[in-house]
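Take a look at the structure below.
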Amino acid sequence: MYRLLFVLFAVAVVAACSKHADPTDASNNQTTGANEPMTQTSESNDPYLWLEEVEGDKALAWVREQNERSLGELTDSALYQDNLAKATEVLTSDERIPYSSIRDGLVYNFWQDTTHVRGVWRRTTLASYQTDTPDWETVLDIDALSKTEDKNWVYKGVDCLRVSGRDHSLCLISLSDGGKDAVVVREFDLASKKFVADGFVTPEAKQGTAWIDADTLAIGTDWGGDGSTLTESGYPASVRIWRRGTPLEKAVELFTGDKTDVGTWPWSQAMDDGRRIYGVVEADTFFTRKMFWANGDDVVQIPLPVKSTMGDLYGRLQFVTLQQDWDVPGQALSFKSGDLLAFDMQTFIETGELPEVELVFRANERQAVNGVAVADGAALLSINDNVVSKLLKLQRGDDGWTSEDIALPGTGKASIYFADKDSQTVFLNYEGFLTPDSLYRYDTEDESLTPIKALPARFDTNGLAVQQFEAMSKDGTRVPYFIVHRDDLPMDGSTPTLLYGYGGFEISLGPTYSGGIGKMWLERGGAYVLANIRGGGEFGPAWHQAGLKGNRQRVYDDFIAVGEDLISRRITSSDHLGIMGGSNGGLLMGVMITQRPDLWNAVVIQVPLLDMLRYHTLLAGASWVDEYGSPDVPEERAFLETISPYHNFDDDADYPTPLFVTSTKDDRVHPAHARKMAHKFQAAEKPFLYYENIDGGHSAAADQKARARRTALEFTYLAEQLFDAVPE
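Per my numbering, residue 72 is the first one in the sequence shown, and the count goes up by one each step.
Rendered as structure tokens:
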């Protein structure tokens, strides 16, 4: 529930967890395969700082010039129109699962298609939802709202009030102008299906809100609108209490953190007895946080380790997942990083003392806890087991906690989409590389798992196979990866192969179904590979922490090892091997093209970080120094100089032609990263392709049609680069 929503790197292409790393200092790891910096581009001599002016005339003129050139080249390909048709068919098809949540017995869904480009928020009954043709009632039409208000609204989510014994009719809807992270929050009434007259409305900002009661919010925002109350990362530093009928500027301060924090956000939840409690989470770094509970006018810290994540309540019991070892003060209890724990929150609220902490589940070295969800009568635990999903029902008895497997359809990926303590219905999604998404209803009363909706097959899976292999990284670590390929794969190195990776922020990648990859790549004879490199969360916190800061070369060594393993197995060759990654994965791509340009023949660099000596000064970059290290700390800067793609560009190197993809409206990762790196290719007279979407935020696409266009461009480029002859 409280896992921070600013975890900012979503995996862009794949629809998509514990062994501790050896403690090695950064100086020892700076030589594990990292290149010496080729060039030293500092702020004082960087010739492309003008590209950091997001909407500067000169910068946008350059962007339009590169867009026109690159789009002309890619759209002239014989494949482009076919790819665009296929991507559009997949992304705008009405044959999609309307993933939903339940409020007061009604099922709510947000939906986009060719008619509702920006989307419609709608609802129906549970009985109707389980039919093939639900009878939907429109709650809010974002397209109509955008037209009426002359805005490019992008729906960013909703938070509805939960009060025991009454309907949840009041909601806070977040709307973004063009897809940015910054949103406007507006109060909406589900009963009347209208925005509340004189209700809560905020100015645009990166912000967070939490209901205290029907007339009171806790809110962290840009107080005053001038940025003075924001952290250096651009997130709220102050949480205040805002009462209905008073202006926002009259909100009363509850808590103020430090300017050096990543940010400070409010939280609230309904207790088992119907009371609501609320408080503040102060994230002093990206991976450390302090939880505070508001006790009247006092703010009391909940005595949990700073590397831990509070989850849902199960009756009186509060779930917590550890990202560090913990010796509980005063309890003679010790727990390990990755453990799922519980304590009696009701007792803590009443006494102010932490009750005895219980071990709920401990993962083994090839497992990871993904999360726990609470429904009426059950707590469900999702874990990774060697990167394959398992779903467990948790039970608490006299002898402690036990778990029981819930049978899944196969060895794919299962995600709990909706669970609520007021509902016996749980919605979960199951998918695999060759198995389309299916929505299941789990009933906590009779423990039945029933399929209720499924995607049609988007591509022909006949003759396709999935295997899981392991590559040996430079330091001897086994790195798993999946490969989807034809079962008559010629082992001669000739297969065009796309390798995808991420490797950061404890984000796990798993077996997921992609109609676009299937139709535009697998059906044409290509192979698709998903690398589970360190930096992710596939094997728990230690798998992530092994690649932090000065140890980050391990992440890149892992990815290189997977590429080399594919070649050594004769699955593919350098001429036929392409790679793709977005955001943090875009940094991965930048490192790969500068460290091992000989290993790949195509590199798709999506919404990337690339200038690692200035990233902390651009947009939300300061929030990521706990992941990458700080350029302001000499020893950390020294390591960053060895990996920063922008600073390791070599005018004399033989690089494969890359495709850069970014967005002008991305207010998370600055588009200047892609712009400046691409300009280096231009200045060195090296071939490159560049596409910057004017709208779209961090996804580089504001709607499904824009996503289809971007995806078609990417797979046209990949086919042109990796196939010996352009496929049909």
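Backbone N, C-alpha and C fix where the C-beta goes; we use that ideal spot for every residue, glycine too.
Asked: Buried versus exposed call for residue 380 [16 or more other C-beta atoms within 10 Å across all chains shown]; Found: buried
Asked: Where residue 454 falls: helix, strand or coil (DSSP); Found: strand
Asked: Residues near residue 172 in its chain [Cβ-Cβ closer than 7 angstroms; skip 5 each side]; Found: 179, 489
Asked: Candidates 334, 312, 288: closest to residue 302 by CA position; Found: 334
Asked: Per-residue DSSP class, three states only, for residue 697; Found: helix
Asked: Limits of the unbroken beta strand (DSSP E) element including residue 484; Found: 484 to 489
Asked: Per DSSP, cross-strand counterpart(s) of residue 260; Found: 241, 265
Asked: Nearest-angstrom Cα separation, counted from residue 586 out to residue 68; Found: Given that the chain is displayed from residue 72 to residue 799, the structure contains no residue 68 and the question cannot be resolved.
Asked: Identified DSSP bridge partners for residue 392; Found: 380, 411
Asked: Residues of its chain near residue 266, where Cβ-Cβ distance is below 6 angstroms and the 5 sequence neighbours each way are ignored; Found: 257, 259
Asked: Cα-Cα separation, residue 227 to residue 127; Found: 27 angstroms
Asked: Candidates 598, 756, 387, of which the one nearest residue 532 by Cα; Found: 598
Asked: 8 angstroms Cβ cutoff met for residue 254 and residue 243; Found: no
Asked: Secondary structure of residue 582, DSSP reduced to three states; Found: coil
Asked: CB contact flag (residue 407, residue 433, <8 angstroms); Found: yes
Asked: Beta-carbon contacts of residue 731 that lie in its chain and below 6 angstroms, excluding the five residues immediately before and after; Found: 676, 745, 749, 761
Asked: CB of residue 222 within 8 angstroms of CB of residue 206, strictly; Found: no
Asked: Beta-carbon gap between residue 570 and residue 600 smaller than 8 angstroms; Found: yes
Asked: Contacting residues, own chain, Cβ-Cβ under 8 angstroms from residue 155 (five flanking each side not counted); Found: 779, 780, 783
Asked: Three-way DSSP call (helix, strand, coil) for residue 787 in this model; Found: helix
Asked: Residue 170 in three-state terms, based on DSSP; Found: coil
Asked: For residue 193, the residue or residues it bridges with in DSSP; Found: 180, 209
Asked: Alpha-carbon spacing of residue 195 relative to residue 517, whole angstroms; Found: 24 angstroms
Asked: Proximity test, Cβ basis, 8 angstroms: residue 340 and chain C; Found: Among the protein chains of the structure shown there is no chain C, as only one such chain exists.
Asked: Which residues DSSP lists as bridging residue 137, in chain order; Found: In the DSSP output, where bridge partners are listed per residue, residue 137 has none listed.
Asked: Stretch-stretch touch, CB-based, cutoff 8 angstroms, three pairs: the segment 638 to 652 with the segment 611 to 623; Found: no
Asked: Three-state class that DSSP yields for residue 335 in the structure shown; Found: strand
Asked: Nonlocal neighbours in the same chain, by C-beta distance under 8 angstroms from residue 417, ignoring five residues either side; Found: 342, 343, 344, 387
Asked: When 383, 673, 414 are compared against residue 471, the one with the closest alpha-carbon; Found: 414
Asked: Nonlocal neighbours in the same chain, by C-beta distance under 6 angstroms from residue 74, ignoring five residues either side; Found: Confidence is the limiting factor: at residue 74 the pLDDT is only 35, short of 50, which leaves the residue's position unreliable and the question unanswerable from this model.
Asked: Contacting residues, own chain, Cβ-Cβ under 8 angstroms from residue 423 (five flanking each side not counted); Found: 366, 371
Asked: CB of residue 575 within 8 angstroms of CB of residue 606, strictly; Found: yes
Asked: Proximity below 8 angstroms, CB of residue 352 to CB of residue 346; Found: no
Asked: Reduced DSSP category for residue 551 - H, G, I as helix; E, B as strand; rest coil; Found: strand
Asked: Sub-8 angstroms separation of residue 494 and residue 446 beta-carbons; Found: yes
Asked: Three-state class that DSSP yields for residue 683 in the structure shown; Found: coil
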